[in-house]
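Student: Protein chains in written order, with our numbering: chain A, 493 to 1051; chain B, 1475 to 1644. Every residue gets a Cβ at the ideal spot worked out from N, C-alpha and C, and that includes glycine.
What follows is the structure, encoded as structure tokens:
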């Protein structure tokens, strides 16, 4: 049955038109990822309007290709100019740029490209194998669990704002609120329309996403007149050739780094909110800690390129696992992917893979194949990148703002959506200026309906609110949400306040409770492991005289 | 205005927003059926947002008390100079918003193609300058970029973009 679905999915993807769109998608993603200031999420958001007219498989395959291209594009700018193209490739510049400056830009690019390919392929394999298993677990979820899962996703995303946790939570709540404006989906009552026809229709959430994210990002890029006139041309080398064979040899010698970093990437992707910006730093840090020569990191060694590049490409595989299996986006890019699925009348849920196997496997295969395309297209796009870097930022911003308007209009053929784009562009810029993270708001906008729908379903079953806290899965998400919200405070006070000694053990003990309540064999076993881990941590604290060193290494903060 | 005071002002604005929206939630009609009233979920969110805004206000006031003056970590605060300084700091985004506003206002009359080309040309020129051959380059960029995108949507994807009252009448 699985092989039959895989075969059918291959048939859908191996269509000349689909492959052509995927190639264009990878190229566009590589370009968007390579230009500092243009994020992967922005590229995926802007691709969405182009996919409306396409069949679901074709549209989603195109978007997946943009995503994969974007993840790998950041390394070009990072290595050649020292300016990371995206937050996901910040750590790549630590060793990539020094290696390029030492006269080996081709090798640095080759290592980056092949590490990206390896990370993407490993995560694609895990996506295909883990997503159906996670979907089976998802079938156990009831409305209470789903509601708490949404709250968990919002909380953990907000917690990545670090010291600005409250601002992150406010942004998440604002996103949920924006989604309530207009007609109530359940009973059709007007909400917050203030008597206007425009507000009665509600805001199209794609227009909201593009406004909040892309529009405000472009305005941030051109705010400074000096930056607006800047181009990268004077700092990039037009005569670089990627050294493929040398790179493969270097990576083969360090396959453990590739594997470890890819697993870090997949795990980070599974966590809602923690995207490539966190994964690449974590993987770099782990590679440095595990190295016999940590002092060489930062001087231009292959290990320092392999670790971040394999991890940042593996992230989206992890995020897609959760999206495909549970229908919950983990970050802005998967939130847009969810939007794309909804536009094509596909509602991701635990039953999605079982009900729409061909489409689901098409997405898996597209993700897999896009990695191969990325590998083939890097050399070509490197030349285009050098040309694009000669264009001034203000020109790019003006053109893309023009594209935004056309793309947003095309969603529903309604001018009101373009006005929405403008208003939310202003809101996004204001929020950025005042230090409010946008990711929680975007997730709030996307997940608002899912939360309300599940709340309504839960209340229709019983008006008792205790299942929101006492059902095992709901309790699990509640506990994890609490500890993830407290994590930035823990990081800040680690080693200086007594309570931080007990944070990790307490988190382990508390999380084990719902796992015990779930019954069966694997979950109580996992609960026992958590209890053992908590006890071991307590023992370690006792051995060290109830002291805890201050936080070291990268902080888990949104890039 | 220091950054810390600014945070307090933002928190107060958020609280006012919550107040207005909570008041507006009483305008939502309640049907005789269903368990979850249409106003319940928005009120939960508004309540949560008001609670968080209170924490934000207290935090910002405490920080003001602790630090006394401006937070030097402010990423992009205007460097004084009254309204002139503020305008210089925000000049480019204001131009973008104003031109985008004009673009949308003119679209029903000029259509997507012409207003789009005008918008990209004017924005490029306002942000990039008028000197030398720049206006010509900007015009070429605007025509090629918007014209190409317009053609792709109109002929490639079959999307009907507004042609504009001006051209409809011709």
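Contact check, residue 707/A vs residue 511/A under 8 Å by CB: the rounded distance?
Tutor: That belief does not hold up - the Cβ atoms of residue 707/A and residue 511/A are roughly 32 Å apart, past 8 Å.
Student: For residue 1037/A, tell me which candidate among 1003/A, 1019/A, 998/A and 990/A has the shortest Cα-Cα distance.
Tutor: Ranking the options by Cα distance to residue 1037/A, first place goes to 990/A.
Student: What residues of chain B sit near residue 672/A, judged by a beta carbon separation below 8 Å?
Tutor: Within chain B, the residues near residue 672/A are 1515, 1516 and 1519.
Student: So, does the CB of residue 1039/A fall closer than 9 Å to a CB anywhere in chain B?
Tutor: So, not an interface residue.
Student: Could you name the residues of the same chain whose beta carbon sits closer than 8 Å to that of residue 1636/B, not counting the 5 residues immediately before and after it, in chain order?
Tutor: Taken in chain order, the residues that qualify are 1581, 1582, 1585 and 1586.
Student: Just to make sure I have the definition right: I need the residues of chain B whose C-beta is within less than 7 Å of the C-beta of residue 676/A. Which are they?
Tutor: 1512, listed in chain order.
Student: Tell me where the alpha helix (DSSP H) around residue 736/A begins and ends.
Tutor: Run containing residue 736/A: 736 to 745, per the alpha helix (DSSP H) assignment.
Student: Please report how far the alpha carbon of residue 1494/B lies from the alpha carbon of residue 1557/B, in whole angstroms.
Tutor: Spanning the two alpha carbons is a distance of roughly 29 Å.
Student: Just by C-beta distance, which residues in the stretch 679 to 692 of chain A are closer than 8 Å to chain B?
Tutor: So the close ones are 679, 681, 682, 683, 684 and 686.
Student: Can you find a C-beta in chain B that's less than 9 Å from the C-beta of residue 696/A?
Tutor: Residue 696/A does not count as touching chain B.
Student: For residue 950/A and residue 631/A, what's the separation of their Cα atoms in angstroms?
Tutor: Those two C-alpha atoms are separated by around 16 Å.
Student: Look up residue 674/A in the DSSP assignment and say whether it is helix, strand or coil.
Tutor: The answer is strand: DSSP assigns residue 674/A an E or B state.
Student: Where does the unbroken alpha helix (DSSP H) through residue 613/A begin, and where does it stop?
Tutor: Element bounds for residue 613/A: 597 to 630.
Student: What number of angstroms, rounded off, separates the C-alpha of residue 973/A from the C-alpha of residue 856/A?
Tutor: Rounded to the nearest angstrom, the two C-alpha atoms are 29 Å apart.
Student: Kindly indicate if chain A contains any beta-carbon less than 9 Å away from that of residue 1486/B.
Tutor: Residue 1486/B does not count as touching chain A.
Student: Check whether chain A comes within 9 Å of residue 1634/B, counting only Cβ atoms and requiring the distance to be less than that.
Tutor: Output row for residue 1634/B: interface = yes.
Student: Could you tell me which chain B residues have their CB closer than 9 Å to the CB of residue 894/A, listed as they occur along the chain?
Tutor: Near residue 894/A (Cβ distances below 9 Å), the residues of chain B are 1577, 1590, 1591, 1593, 1594, 1597, 1616, 1619, 1620 and 1623.
Student: Can you name, in chain order, every residue of its own chain whose Cβ lies under 7 Å from the Cβ of residue 713/A, other than the five neighbours on each side?
Tutor: Around residue 713/A: 529, 719, 885 and 889.
Student: Would you list, in chain order, the members of the stretch 934 to 965 of chain A that have their beta-carbon closer than 7 Å to a beta-carbon of chain B?
Tutor: If the cut-off is 7 Å between Cβ atoms, the stretch 934 to 965 of chain A has 944, 947, 948, 951, 952 and 955 near chain B.
Student: Between the C-alpha atoms of residue 930/A and residue 685/A, what's the straight-line distance to the nearest angstrom?
Tutor: Rounded to whole angstroms, residue 930/A to residue 685/A spans 24 Å at the Cα level.
Student: If you draw a straight line from the alpha carbon of residue 677/A to that of residue 940/A, how long is it in whole angstroms?
Tutor: Cα-Cα distance, rounded: 12 Å.
Student: Round the Cβ separation of residue 879/A and residue 605/A to the nearest angstrom and send it over; I've been treating them as touching at under 8 Å.
Tutor: About 19 Å; that fails the 8 Å criterion.
Student: Are the beta-carbon atoms of residue 566/A and residue 526/A separated by less than 9 Å?
Tutor: Yes.
Student: What residue range does the alpha helix (DSSP H) around residue 995/A cover?
Tutor: Counting along the chain, the alpha helix (DSSP H) containing residue 995/A begins and ends at 992 to 1009.
Student: Compute the beta-carbon to beta-carbon distance between residue 948/A and residue 1510/B, rounded to the nearest angstrom, for a pair I have assumed lies under 8 Å.
Tutor: Contact holds; Cβ gap of about 4 Å.
Student: Within the 9 Å Cβ cut-off, does residue 1637/B reach chain A?
Tutor: Chain A, which has no Cβ nearer than 9 Å to the Cβ of residue 1637/B, makes this no.
Student: For residue 746/A, count the other beta carbons within 10 Å of its own beta carbon; 16 or more makes it buried, fewer makes it exposed. Which is it?
Tutor: Buried, by the Cβ-count rule.
Student: Measuring CB atoms only, is the stretch 661 to 673 of chain A touching the stretch 993 to 1013 of chain A, in the sense that at least three cross pairs come out at less than 8 Å?
Tutor: No, they do not touch.
Student: Determine, using beta carbons only, whether residue 541/A and residue 902/A come nearer to each other than 9 Å.
Tutor: In this structure, residue 902/A lies closer than 9 Å to residue 541/A by Cβ.
Student: Would you say the stretch 645 to 656 of chain A touches the stretch 1495 to 1507 of chain B, given that touching needs at least three Cβ pairs under 8 Å?
Tutor: With the cut-off at 8 Å, the stretch 645 to 656 of chain A and the stretch 1495 to 1507 of chain B do not touch.
Student: Quick check: the stretch 797 to 808 of chain A against the stretch 594 to 614 of chain A, are there 3 or more CB pairs under 8 Å?
Tutor: Touching, per the Cβ criterion.
Student: Could one say the Cβ of residue 1034/A lies closer than 9 Å to chain B's Cβ atoms, at least one of them?
Tutor: For residue 1034/A, the answer is no, since every Cβ of chain B falls outside 9 Å of its Cβ.
Student: What are the complete alpha helix (DSSP H) segments, minimum 4 residues, inside the stretch 632 to 715 of chain A?
Tutor: With a minimum length of 4 residues, the continuous alpha helix (DSSP H) runs that stay inside the stretch 632 to 715 of chain A are 635 to 651, 657 to 670, 689 to 692, 697 to 701 and 708 to 715.
Student: Whole angstroms are fine: how far does the CA of residue 915/A sit from the CA of residue 703/A?
Tutor: Cα to Cα, residue 703/A sits roughly 7 Å from residue 915/A.
Student: Is the beta carbon of residue 858/A sitting closer than 9 Å to the one on residue 580/A?
Tutor: Not closer than 9 Å, so no.
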